[in-house]
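Shown next, in structure tokens, is the structure this report addresses.
Right under this line is the structure:
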């Protein structure tokens, strides 16, 4: 029995949202899900912030979408997923007048969007994070929040030597971080596989 795991689970029992069945189904098919630790921090950080327009890039099966839907009861959420089976499952999982799912790339969605963004949550393809951010910046005013999950890329973002097939991903993650730290008052949190958190300057 893992006493540390049990200890954490006991004190995380009042998290805003947990669905272990969906978590297991997601992980079994290689779909990432925010960890309970990440969820706990985000809940704490976003508490009492005025957030009305949320864009999530990377719906997965809808786990983090539902988490944000419960956490931010006054927010309208647009969740974008390019892979149709995931999009379809997320749309079936969460039905709400405050949530709309889009089956397209994050770049295409952001190119068409006109409304401002209060919170941008990136949880999709890591090599595309920099392109998502470039497209979103004109829509984010001072104080807008950027969250990017799994930013360590299982070590790719900080390893000095990576194999050839991962070099492009490493370079693009670092390009994203360079741009994000220029545009946001930000920090990298070593929770789970890393969380970038920042507020627009």
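In the numbering used here, the protein residues as written are 1 to 201.
Quick reminder that beta carbons are idealized off the backbone N, C-alpha and C, glycines included.
Under the rule that 16 or more other beta-carbon atoms within 10 Å means buried, what is residue 62, buried or exposed?
-> Buried is the call here.
Could you say which of 200, 20 and 42 lies nearest to residue 133 if we only look at CA atoms?
-> It is 200.
Of the choices 27, 38, 31 and 59, whose alpha-carbon is the least far from that of residue 188?
-> Closest by alpha carbon: 38.
Residue range of the unbroken beta strand (DSSP E) whose run includes residue 200 = From DSSP, the beta strand (DSSP E) with residue 200 extends over 195-200.
Taking only runs that begin and end inside the stretch 83-139, name each unbroken alpha helix (DSSP H) of 4 or more residues, in chain order.
-> List check, alpha helix (DSSP H) in window: 84-93, 106-112 and 129-136.
Coarse secondary structure for residue 50, derived from DSSP in three states | Note: residue 50 maps to coil in three-state DSSP.
In the DSSP assignment, what residue or residues form a beta bridge with residue 76?
-> Bridge partners of residue 76: 53.
Near residue 90, which residues of its chain fall below 8 Å by C-beta distance, leaving aside the five closest residues on each side in sequence?
-> The residues are 59, 60, 61, 62, 65, 79, 81 and 101.
On a CA-only basis, which of 172, 31, 120 and 146 is nearest residue 76? Give me that one, please.
-> From the listed residues 172, 31, 120 and 146, the smallest Cα separation to residue 76 is found for 120.
Out of 192, 51 and 148, point me to the one whose CA is closest to residue 174's CA.
-> It is 148 whose Cα lies nearest to the Cα of residue 174.
Looking at C-alpha atoms only, which residue of 183, 193 and 48 is the closest neighbour of residue 203?
-> Because the chain spans 1 through 201 in this model, residue 203 falls outside it and cannot be assessed.
DSSP three-state assignment for residue 192, whether helix, strand or coil | Assignment of residue 192 by DSSP, reduced to helix, strand and coil, places it in the coil class.
What do you reckon, are the CB atoms on residue 46 and residue 72 nearer than 8 Å?
-> Yes, the pair counts as a contact, with Cβ atoms nearer than the cut-off.
Does the Cβ-Cβ distance between residue 195 and residue 41 come in under 8 Å?
-> Cβ atoms of residue 195 and residue 41: closer than 8 Å.
For residue 1, name the three-state secondary structure that DSSP assigns.
-> Unreliable placement is indicated for residue 1, whose pLDDT of 48 sits below 50; the coordinate value is still reported in the next sentence. Of the three classes helix, strand and coil, the one that applies to residue 1 here is coil, per DSSP.
Drop a sphere of 10 angstroms on the beta-carbon of residue 152, count the other beta-carbons inside from all chains shown, and report buried for 16 or more, exposed for fewer.
-> Around the C-beta of residue 152, 16 or more other C-beta atoms lie within 10 Å, and the residue is accordingly described as buried.
Closest to residue 179 by CA distance: which of 190, 192 and 136 is it?
-> With distances taken between CA atoms, residue 179 lies nearest to 136 out of 190, 192 and 136.
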